[in-house]
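What follows is a set of notes on a single structure, which appears directly below.
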Amino acid sequence: MKKVGFIGWRGMVGSVLINRMLKKKDFNNINAIFFSTSQYGEYINHFNIKNKNIKLENAYDFEKLFELDIIVTCQGSEYTNKIYFKLRQIGWNGYWIDAASNLRTLEDAVIILDPVNLEHIQQKLNMGVKTFVGGNCTVSLMLMALGGLFKNNLVDWISVSTYQAASGAGAKFMKELILQMQYISKNITNLIKKNSFNDNILSIEQEISKQMYSSKFPKNYFHVPLINNVIPWIDKKINNSGQTKEEWKGQFETNKILNTTKIIPIDGLCVRVATLRSHSQSFTIKLNKNLSIDNIHYLINSHNKWIKIISNNFDDTINYLTPSFINGKLDILVGRIKKLNIDKNCFSIFSVGDQLLWGASEPLRRMLKLLI
Ligand code: NAP
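Quick note: the sequence shown uses my numbering, first residue 321, plus one each step.
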């Protein structure tokens with residue numbers, strides 16, 4: 321059995337990955353070894369894998385890492401930077417599967433999303449490539465939603481606005497949003513209890529706005545309130561382009577995953593919103609043909625089994641086309657599909673998907689399966 325090391329398994333992405341692997345009984349076919357950057361030496365038993373306590377190994381121990389056939393890391397870019405290059409330098413020749421972004425730009429690394437680029441992955445495997453990286457969450461979710469259009473070479477360009485959940489930034493950020501909810505709720509309890517709740521709604525709003533900017537308000541990670549707010553900036557600035565790194569990834573990663581010979585332009589704004597889990601995206605898409613809505617539905621729907629089209633009506637949209645509905649599900653929901661007044665080849669589409677599943681852990685799990 322292949323020796324597979326797991327690093328970053330207790331974070332957002334890692335824990336979703338482990339749960340999926342347990343559900344699919346993937347641990348039956350590997351010899352799993354668990355590492356930690358902070359808790360090594362401790363024993364854990366909560367995975368109940370083969371009913372035994374598991375000792376956590378030191379994620380910085382190069383000797384232990386060197387013994388592995390496959391490394392799966394959901395730890396983050398800092399860890400990858402510290403370990404990956406040195407491990408390769410000292411001759412480790414195993415498979416590296418990573419959720420972090422920093423290896424995605426390497427020429428000899430493949431961005432994995434097998435329902436979209438299985439053929440490309442297999443070609444690279446045959447060529448001896450050993451580094452496989454999950455894509456950016458919004459990019460993977462977009463490709464799962466729009467794969468049918470890309471596959472048929474129909475896309476001229478895409479403009480996108482994202483609505484990204486707090487958990488997309490990691491466990492500490494998600495916890496901070498919950499603390500922000502708690503802080504506001506605690507501080508307005510008396511105002512809500514008053515009989516005059518309906519009359520004093522604007523004074524409650526004023527009080528909330530005041531509390532959001534009080535010195536005790538929890539904002540160590542987001543730096544500003546996310547509750548009752550949106551933050552139209554994710555990740556660092558890209559020099560001179562006006563884009564953020566998150567926005568830059570849209571075009572770069574999509575074209576790398578699709579292995580395009582001519583770049584498909586993709587750009588837009590990435591926005592953090594006060595949801596806990598699952599990302600939403602609003603697309604304007606220019607096709608190179610004037611296709612009917614029925615045709616667009618057909619092409620999108622027939623691409624993969626996880627796509628579900630939500631009818632463009634009020635009830636279905638508000639009940640299903642939302643991040644809260646899709647949480648914890650592998651389905652990718654798309655809706656609000658309509659032609660736009662702007663141009664006969666342009667249409668709108670809104671998608672929701674769980675970024676911790678198809679946007680992060682599921683492509684890694686499936687890559688691991690492909691290797692074993
Ligand atoms: P995370 O939740 O912050 O977890 C990363 C690591 O932080 C954990 O494995 C754990 O490592 C440590 N940690 C410290 N305090 C923790 C706490 N209170 N709870 C849980 N873990 C804690 O990060 P993540 O969101 O899973 O992201 C991991 C990588 O995947 C990143 O590179 C990220 O960019 C990428 N990614 C994330 C998403 C997403 O939606 N979150 C989507 C796509 C890609 P130790 O056990 O070693 O201490």
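Backbone N, C-alpha and C define an ideal beta-carbon position, used for all residues, glycine too.
Check whether residue i and residue j have beta carbons under 8 Å apart
i	j	result
asparagine 378	serine 397	no
serine 487	serine 602	no
lysine 576	isoleucine 431	yes
threonine 547	isoleucine 504	Residue identity differs from the one stated: residue 547 is isoleucine in this sequence, not threonine. Yes.
lysine 609	asparagine 665	yes
asparagine 621	lysine 658	no
aspartate 434	threonine 451	no
isoleucine 364	valine 324	no
glycine 411	isoleucine 390	no
serine 681	leucine 426	no
Local Cβ density within 10 Å of residue i, reported as buried at 16 or more and exposed below that
i	result
valine 550	exposed
threonine 580	exposed
serine 358	exposed
glutamate 387	exposed
glutamate 439	exposed
aspartate 346	buried
isoleucine 627	buried
lysine 569	buried
glycine 328	buried
Beta-carbon separation (whole angstroms), residue i vs residue j, contact threshold 8 Å
i	j	result
serine 479	threonine 595	About 22 Å; that fails the 8 Å criterion.
glycine 468	histidine 599	Not quite, the Cβ-Cβ distance comes to about 20 Å (not below 8 Å), so this is no contact.
leucine 684	valine 392	6 Å
lysine 606	aspartate 418	Rounded, the Cβ-Cβ distance is 33 Å, inconsistent with contact.
leucine 376	tyrosine 399	That belief does not hold up - the Cβ atoms of leucine 376 and tyrosine 399 are roughly 15 Å apart, past 8 Å.
valine 591	glutamine 484	7 Å
phenylalanine 542	phenylalanine 493	6 Å
Helix, strand or coil at residue i according to DSSP, with G and I counted as helix
i	result
asparagine 351	strand
lysine 323	strand
alanine 420	coil
cysteine 590	coil
lysine 606	strand
threonine 660	A small correction: the amino acid at residue 660 is leucine; threonine does not occupy that position in the sequence shown. Leucine 660 falls in the coil class under three-state DSSP.
tyrosine 404	helix
cysteine 275	An answer regarding residue 275 cannot be provided, because it is not within the stretch 321 to 692 covered by the chain.
threonine 357	coil
leucine 653	strand
alanine 746	The chain is shown only over 321 to 692; residue 746 falls outside these bounds and no answer can be derived.
lysine 557	strand
| message | Three Cβ pairs or more, each shorter than 8 Å: is that satisfied between the stretch 445 to 465 and the stretch 653 to 673? | response | yes
| query | Touch check for the stretch 664 to 675 and the stretch 448 to 463: three-plus C-beta pairs under 8 Å? | reply | yes
| Contact the stretch 564 to 574 vs the stretch 583 to 592: 3+ CB pairs below 8 Å | yes
| task | May I ask you to verify whether the stretch 346 to 362 touches the stretch 414 to 428, counting CB pairs closer than 8 Å and requiring at least 3? | result | no
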